[in-house]
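Q: Residue numbers (our numbering): 23 to 462. Beta carbons: idealized from backbone N, C-alpha and C, even for Gly. None of the values given here were measured: they were computed from a predicted structure. I'd like to ask you about the structure that follows.
Shown next, in the form of structure tokens:
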């Protein structure tokens, strides 16, 4: 799997650098100095970097398998900022040193269309990046944001390609125009695959809600069964799915949720969903018999990817317990007696989701549960406050620590602090795995 990861990284670097190499083949127009050439290079590289991330988030399983789709989404976010920085610097260099190249006016009614296309692309990319980074602060509803993001990214890419071809610098030769037109065609095909073909496939593989069960702390278990098909076939415990409920799969109203059921329970699939807002705020109103659609499974956050581990450590906060529940249920179904230490952080004891089932699983597993409560009751004699190195040192045995695989899932401040604590305790980095909780 590591070699596949290296291969995909190499392909990505080749995609970013190849256009620059091709553009410099054959007849090259005379340059206008270092900063002019540097600006052109930044513009072309930024353009490619803007296009490639769409493939990363297209949920192509062979691409995401070595890294995990959550990591690719996170990388996509950072990459978008870098790409936007490159194209912005491209524009800034021209504005400062070659103002005449930007035309006499920015008025789209009078300015050359290819320059207007470039400015439009820059604005559209800026809006796509900003609305994604600060969606919650801008109070953009998730579904509305997705529509806007698709529109901004698509229009921005088309405008950028039009700008490049219209300007013609380094692209005037027919072969070089074919390069950019081919890149645009591939991008359009990806859009069609993601927005039309895959939803069409989901539409013909519907699921039916069979149970909506309340759990502790405002969490609900949503159980689905396949309608007219075999279901998922197989998934790894700890993986997640994109769920569409009460909507057509063509409407971009899907949401990612961890699967809490075990693969051994197929064909029934269950999700643990906390009522927090947007889509999840109405989960309690869902009724058995309603139709749902799934795009699954995804993710590498699983015990099945770590068969050589002597045991496992789960460090979770709140609803972050859901992927661990799938792993624990699967281990119980398989009779897997490898030891598991579950550090479970919550605000109150009454808010510990799946508390009773976790206690019952102790009889079927070598399971050691450590509850950490921020606001414990007066008679509480367990761990208090937050997950710290001191808590981990007290409750995690010292022997064979480097053979245990650690799964972290919860709020970002908690997982970041826990990663640091585990490193300080001598846990190898390859034995620490964090589920990215926020994909947007």
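By the DSSP assignment, the beta strand (DSSP E) with residue 99 in it spans what residues?
A: The sequence position of residue 99 within the chain shown is 77, counting from 1. Taken as a continuous stretch (DSSP letters only), residue 99 belongs to no beta strand (DSSP E), being part of the alpha helix (DSSP H) at 91-119.
Q: At the level of alpha carbons, what is the spacing between residue 278 and residue 146?
A: Stepping through the chain shown from its first residue, residue 278 is reached at position 256. Stepping through the chain shown from its first residue, residue 146 is reached at position 124. For residue 278 and residue 146, the gap between their C-alpha atoms comes out near 26 Å.
Q: Taking its Cβ as the centre, do 16 or more other Cβ atoms sit within 10 Å of residue 169, making it buried, or is it exposed?
A: Numbered from its first residue, the chain shown carries residue 169 at position 147. Answer is exposed; the Cβ neighbour count stays below 16.
Q: Measuring straight from C-alpha to C-alpha, what distance separates residue 263 and residue 182?
A: Residue mapping note: residue 263 aligns to position 241 of the chain shown, counting from 1. Residue mapping note: residue 182 aligns to position 160 of the chain shown, counting from 1. Roughly 33 Å between the two C-alpha positions.
Q: How long is the line joining the alpha carbons of residue 137 and residue 70, rounded to whole angstroms?
A: If you number the chain shown from 1, residue 137 lands on position 115. If you number the chain shown from 1, residue 70 lands on position 48. Distance between the alpha carbons of residue 137 and residue 70: 19 Å.
Q: Residue range of the beta strand (DSSP E) that residue 389 falls in?
A: The residue you call residue 389 lines up with position 367 of the chain shown. Unbroken beta strand (DSSP E) run through residue 389: 389-395.
Q: I need the straight-line Cα distance from residue 408 to residue 210, nearest angstrom please.
A: Residue 408 sits at position 386 when you count from the first residue of the chain shown. Residue 210 sits at position 188 when you count from the first residue of the chain shown. Distance between the alpha carbons of residue 408 and residue 210: 48 Å.
Q: Go ahead and pull the three-state DSSP assignment for residue 358.
A: Residue numbering aside, residue 358 sits at position 336 when the chain shown is read from its first letter. If DSSP states are grouped into helix, strand and coil, residue 358 belongs with coil.
Q: Among 422, 395, 141, 340, which one has its Cα closest to the Cα of residue 434?
A: Mapped onto the chain shown, residue 434 falls at position 412. The shortest C-alpha separation from residue 434 is found at 340.
Q: Do the CB positions of residue 231 and residue 311 come within less than 8 Å of each other?
A: As a first step, residue 231 must be located in the chain shown, where it is residue number 209. As a first step, residue 311 must be located in the chain shown, where it is residue number 289. In contact: residue 231 and residue 311 (Cβ atoms closer than 8 Å).
Q: Which residue or residues does DSSP assign as beta-bridge partners of residue 234?
A: Start at 1 with the first residue of the chain shown, and residue 234 comes out as number 212. According to DSSP, residue 234 bridges with 244.
Q: Between 123, 456, 398, 458, which has its C-alpha nearest residue 140's C-alpha?
A: Along the chain shown, one-based indexing puts residue 140 at 118. For the residues 123, 456, 398, 458, the minimum Cα distance to residue 140 belongs to 123.
Q: So the candidates are 180, 214, 297, 215; which of them puts its Cα closest to the Cα of residue 236?
A: Taking the first residue of the chain shown as position 1, residue 236 is located at position 214. Among 180, 214, 297, 215, the Cα nearest to that of residue 236 belongs to 297.
Q: Going straight from the alpha carbon of residue 253 to that of residue 288, what length do you get?
A: Mapped onto the chain shown, residue 253 falls at position 231. Mapped onto the chain shown, residue 288 falls at position 266. Approximately 8 Å, taken between the alpha carbons.
Q: Tell me the residue span of the beta strand (DSSP E) that contains residue 267.
A: On the chain shown, position 245 is the one that residue 267 refers to. Per DSSP, the continuous beta strand (DSSP E) segment holding residue 267 begins and ends at 262-267.
Q: With DSSP collapsed to three states, give me the class of residue 60.
A: On the chain shown, position 38 is the one that residue 60 refers to. If DSSP states are grouped into helix, strand and coil, residue 60 belongs with the helices.
Q: Spell out a yes or no on whether the segment 330-350 and the segment 98-117 are touching, meaning 3 or more CB-CB pairs, one atom from each, closer than 8 Å.
A: no
Q: Give me the Cα-Cα distance between residue 438 and residue 429, rounded to the nearest whole angstrom.
A: Position 416 of the chain shown holds residue 438. Position 407 of the chain shown holds residue 429. In a straight line, the C-alpha of residue 438 is about 12 Å away from that of residue 429.
Q: Assign residue 150 to one of two classes, buried (16 or more other C-beta atoms within 10 Å of its C-beta) or exposed (fewer than that).
A: Residue 150 sits at position 128 when you count from the first residue of the chain shown. Answer is buried; the Cβ neighbour count reaches 16.
Q: Just the Cα atoms here: how many angstroms apart are residue 352 and residue 97?
A: Locating residue 352 in the chain shown gives position 330, counting from the first residue. Locating residue 97 in the chain shown gives position 75, counting from the first residue. Roughly 30 Å between the two C-alpha positions.
Q: Can you find at least 3 beta carbon pairs, one from the segment 360-367 and one from the segment 447-456, that sit closer than 8 Å?
A: no
Q: Apart from the five residues just before and just after residue 91, which ones in its own chain have a Cβ nearer than 7 Å to its Cβ?
A: Residue numbering aside, residue 91 sits at position 69 when the chain shown is read from its first letter. Leaving aside the five residues that flank residue 91 on each side, the residues in its chain whose CB is nearer than 7 Å to its CB run, in chain order, 81, 320, 321.
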